Structures are given as C-alpha cells and as structure tokens.
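Protein sequence lines, in the order shown, are assigned to chains B and U.
Each residue of the first sequence is one higher than the one before, counting from 1 in the numbering used here.
Each residue of the second sequence is one higher than the one before, counting from 1 in the numbering used here.
Everything on this sheet refers to the single structure shown next.
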Amino acid sequence: MARYGPERVVLSADDIDRALARIAYQLIETNRGADDLVLIGVPTRGVPLARRLGGLIEEASGHPTPVGQLDITLYRDDLRRQPTRTVMPTSIPCDIDGRVVVLVDDVLYSGRTVAAALDALKDYGRPRRIQLAVLVDRGHRELPIAADVVGKELPTRSEERVQVRLSELDGTSQVSIMAPESDSQ
Amino acid sequence: MKHLLSTADLDWDQANALLDTAEQMAAVLTRPIKKIPALVGRTIVNLFFEDSTRTRNSFELAERRLSADSISVTARGSSVSKGESMRDTMQTLEAMKVDCFVIRHASSGALEQATGWTDAHLVNAGDGWHEHPTQALLDAFTLRRHFAAVGHPGLEGKHVAIVGDLLHSRVVRSNVWLLHTLGATVSLVAPATLRPAGVETWPVQVTEDLDSVLPQVHALMMLRVQRERMSGGFFPTAREYTEFFGLTPARLRLLSPRAAICHPGPINRGVEISAEAADSAQSLILDQVAAGVPVRMSVLFHLLSGADEGLK
C-alpha cells in the first residue's frame with residue numbers, strides 16, 4: 001500500500017453543502033422540474049449524497065423525490081483483479097421505467113464504476129433518461145463517460161488520492177487530496 | 001478461500017460474509033432479470049458421482065444466474081459408468097479448462113483427496129456421511145432470516161436441536177460446525193445406534209430424550225430416515241422410530257410456537273415428521289429449498305469472483 005503525505009482540504013463541509021445545493025437546482029432546471037426524478041446513490045458515499053440531494057430537491061420543488069441505492073459489485077469488470085469484494089444492498093425505490101434516473105456518486109475518476117452502474121441499472125428497468133451527478137470530477141477517464149452535473153472539477157494527478165468524508169458515515173464532512181509520501185520528500 | 005470442503009474451515013467472518021452475500025443474491029432473484037454478470041467467462045463442472053436432483057439443480061441454476069458456463073456430469077451415462085476413476089475423470093475435464101468442480105460423491109473424504117489432483121476450485125456438494133456445507137449454509141441462512149423476522153436476529157445464543165439419524169447424515173457435521181461457529185448451542189437427539197463415532201468430542205449435547213429438549217429450543221432440524229436403514233437393525237420399526245424420535249402432532253405442542261422447524265428434505269411424512277408439523281406455520285422447509293440458489297450463488301461468487309491466489 002502506498003503511503004500518503006498530509007491531506008490538503010479542497011472542500012469544507014460548507015463547500016459541500018453549497019455544491020450539493022447547486023447540483024439540486026441544476027437537476028431541477030435541466031429536467032424542468034422534479035416530477036420524474038429518481039435518485040440512485042452508488043455505495044458507499046454516493047448513498048448519503050443521494051439522500052442529501054433528495055432532501056434539497058424536495059425542499060426546492062415541493063416534490064418528494066424517491067431515493068435508492070445501487071450496488072455495482074456484481075457488475076464490475078475488474079472483479080478478478082482484486083480479492084473478493086463485499087456486496088452491498090441494492091434498493092430501487094420505485095419502478096424506474098420511463099423516469100429520469102440520476103446516478104449519484106462522490107468521485108468520478110476512471111468511469112468504470114459508472115459503466116458498471118449503467119449495466120446494472122438496465123437489469124432493473126428502462127429509464128427514459130439516465131443522468132450522472134458527482135460531487136467531484138477528478139479527471140483521468142478510461143471510458144467515454146461524462147457527468148451531467150459536477151459539484152467541483154478537481155484537477156489531480158493519478159498518483160494522488162482524493163478522500164471524501166461525509167458526516168453520515170465519517171463523523172465529519174470534507175473532501176481532501178493527498179500526494180504519495182515519496183513525492184513530498 | 002480456495003475451496004469449500006467443510007464448514008469447519010469457515011471462521012465467523014467468512015461464514016457471515018457468505019450469508020450476507022446470499023442476502024444480496026436473494027435480492028437479485030426477486031428482480032424481473034434474475035441474472036448478473038459476476039462470473040462471466042468462468043467454467044464450472046458439476047460432477048455428481050451420486051445422483052441428487054435437488055442439489056444439482058440448484059447448483060446449475062446458481063451457476064447460470066451468475067453467468068458462468070457450466071456442464072453437469074453424472075455417473076450414469078458417463079465414462080464413470082465405464083470404470084474411469086474420479087481422478088481421471090477430473091483431470092480429463094480439467095484439460096478442457098475448468099475453473100471449479102462442484103462434486104457429490106458417495107465416499108466420505110473424497111473431496112479432501114481430490115484437492116491434490118487439480119488446480120481448480122472445489123465445492124463439496126455432499127461426500128458420503130461426511131459433509132454437505134452448502135446445505136448447512138442454507139439452513140443457517142434460513143434460520144437467520146427467521147430469527148430476524150421474529151425480532152431476535154442472529155444465531156448467537158440460539159439453541160438448535162438436530163434430531164434423527166446422525167450416523168448416516170452428511171448434513172449433521174456441517175451444521176454442527178457452522179452453528180457452533182455462529183454462536184448457537186447445538187443439541188443432538190438420536191438413538192444410541194444412530195450416533196457417529198466420536199460424537200462425544202463435538203461441541204454439542206447429545207441426548208435420547210426428545211421431549212425434554214423440545215420446550216427449550218429456538219429451532220428444530222429433523223433429519224430424514226432413509227428407508228434403506230430401516231432393515232439394517234438400527235431401529236426395530238418405522239413406527240417405533242416415530243414413537244421416540246418423530247415430530248408427532250403431540251410433540252409439536254411441546255415446542256414453543258415461535259420455534260422454527262427445518263428439514264433438509266425429502267421428507268417422509270408420518271415417519272420423522274408429521275404432516276401437521278411439516279405444513280405448520282412454524283415450518284421453514286420450503287424456505288430452505290428457496291435458500292438453495294442464493295446461498296450457492298454466494299459460495300461460487302466468493303470462490304470464483306476474486307483474483308486467484310497464487311496466480312499473477
């Protein structure tokens with residue numbers, strides 16, 4: 001395991017709140033309302049983010065927005081490169097046929113997680129449209145995938161590590177970036 | 001985990017990981033599309049030297065749900081019936097690039113031996129009177145769900161009695177090791193003639209008195225009386241067996257109304273279990289059958305989805 005140097009905070013808890021509020025408004029705007037929206041978080045940290053967005057969208061639009069989660073472990077293309085992974089629960093809150101599904105994740109990186117999520121989603125139904133909302137886009141895509149709504153574009157080097165903490169899971173909320181230790185020496 | 005030969009090889013974390021994943025597999029099976037790509041490109045051979053329709057079908061279905069390629073070879077109608085040895089059969093098949101063998105064999109310990117003959121993963125689908133780990137896992141899965149549904153989740157501190165022909169049963173050992181690992185207390189109830197050698201060293205209480213055990217247990221596992229044993233001098237008559245060890249309507253009333261009744265099937269109604277007990281609301285027999293596919297999916301996923309140890 002690579003060791004990392006000190007963390008540099010790039011988004012504070014307030015920054016995250018503001019980014020999510022902006023994402024919520026953009027989703028309402030691009031979809032001309034929130035009537036058809038279904039938010040699906042990708043575990044682990046996409047799930048609390050989807051819940052927060054669901055609350056913000058409901059506040060802004062007056063519509064309760066269904067929120068669920070989709071585990072993509074069983075659809076990954078890199079299962080055989082790593083030890084066996086834990087499969088997390090999937091819960092799709094309503095029929096997604098004909099609706100607008102917004103996939104929510106914390107960090108967009110290679111795009112492979114999203115590709116697996118698209119494969120998984122099609123086994124649950126046929127949404128009218130699928131959009132992608134991420135808190136952070138750190139670049140380095142390996143697949144032709146782009147987010148529809150991004151909280152923060154974060155240029156990184158691929159050796160660096162982006163760590164997202166959310167109060168629901170980690171006690172505090174912040175996004176930080178770390179360089180490998182050998183770099184800083 | 002390379003093989004699943006015995007539940008004695010599973011620690012608490014591994015056993016729970018298998019049961020947790022089985023829950024997610026069960027969720028997949030409730031979808032309109034009951035298939036996932038997790039084992040695409042993996043090849044599994046079900047090698048059944050002894051026939052077992054139920055176990056074989058549920059392994060086959062589990063393999064297909066995981067998108068593995070699989071074939072089944074049964075002793076009848078294959079080169080095994082022409083006298084080919086188990087070792088030659090396996091090595092012939094492995095030459096065709098097999099990642100995993102699921103094996104049922106009439107001899108206890110057959111799989112232990114087979115580990116030396118192949119690089120493939122092995123899953124024990126029942127060897128003689130020895131072990132049947134996936135049956136024990138699906139029993140534990142069924143009980144775990146039952147206890148969660150009645151508001152007392154987990155197997156820790158639960159008392160489970162296994163009743164009947166312990167000697168010829170392959171599910172007893174697997175269940176004893178697994179239930180013990182998961183923290184349950186196990187009682188075995190059987191006539192002296194149907195107890196395996198060495199049972200006194202197992203982490204269990206052994207008794208002949210079913211009536212005294214019934215009021216204390218959270219779950220009861222009734223074992224099948226195999227008809228061929230009835231003439232072997234193990235017990236005088238089926239009627240006498242029922243008298244002492246059958247779950248009769250009268251005994252059903254000694255059981256707590258919240259206690260679960262399990263049976264690995266196929267059941268002999270009126271012998272080890274009365275129709276009233278088998279069809280009662282407490283009976284989990286059909287839940288056990290339903291648990292077969294997701295539990296076997298979980299086992300195959302854990303053995304085959306990750307990187308191969310020792311390779312690369």
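The C-beta atom is built at its ideal place from N, Cα and C for all residues, glycine as well.
Bear in mind that the values here come from a model prediction, so they are computed numbers and not experimental data.
Membership of Ser72(U) in the beta strand (DSSP E) is indicated by the continuous run 69-74.
Look at Gly68(B) here: in three-state DSSP terms it is strand.
Using a Cβ-Cβ cut-off of 9 Å, Ser305(U) counts as an interface residue toward chain B, since at least one Cβ of chain B sits closer than that to its own. Annotation: Ala8(U) has no Cβ neighbours in chain B at a cutoff of 8 Å; minimum Cβ distance is about 20 Å. Nearest CB-CB separation between Thr113(B) and chain U: not below the 9 Å threshold. What Arg31(U) touches in chain B, judged by beta-carbon distance under 7 Å, is Asp123, Tyr124, going in chain order. Non-local C-beta neighbours of Gly246(U) in its own chain, meaning closer than 6 Å and more than five positions away in sequence, comprise Glu272, ordered along the chain. Nearest neighbour of Gly126(U) by Cα position, chosen from Thr201(U), Thr134(U), Pro266(U), turns out to be Thr134(U). Between Gln26(B) and chain U, the shortest Cβ-Cβ separation is not below 9 Å. Think of a sphere of 8 Å around the beta carbon of Gln82(B): the chain U residues whose beta carbon falls inside it are Gly306, Ala307, in chain order. The criterion of a C-beta distance shorter than 9 Å is not satisfied by Ser174(U) and Arg85(B). The beta carbon of Met1(U) sits closer than 7 Å to the beta carbons of Gln14, His302, Leu303 from its chain, once the five residues preceding and following it are set aside; these are given in chain order.
A distance below 9 Å separates the beta carbons of Val114(B) and Val42(B). Under the DSSP assignment, His105(U) falls in the beta strand (DSSP E) whose first and last residues are 100-105. Thr172(B) has a beta carbon lying at 9 Å or more from every beta carbon in chain U. The count of Cβ pairs closer than 8 Å, one atom from the stretch 81-97 of chain U and one from the stretch 54-69 of chain U, stays below three, leaving the stretches out of contact.
The three-state reading of DSSP puts Asn124(U) in strand, counting E and B together. Under the criterion of beta carbons closer than 8 Å, Met90(U) and Trp117(U) qualify as touching, at roughly 6 Å. Secondary structure at Met25(U): helix, using DSSP grouped into helix, strand and coil.
Chain B has a Cβ within less than 9 Å of the Cβ of Lys35(U). With a minimum length of 3 residues, the unbroken runs of beta strand (DSSP E) contained wholly in the stretch 16-104 of chain B fall at 37-41, 67-69. The C-beta of Leu79(B) comes closer than 9 Å to at least one C-beta of chain U.
Think of a sphere of 8 Å around the beta carbon of His302(U): the chain B residues whose beta carbon falls inside it are Thr84, in chain order.
The shortest C-alpha to C-alpha distance from Leu66(U) to any of Ala75(U), Phe49(U), Ala38(U) is the one to Ala38(U).
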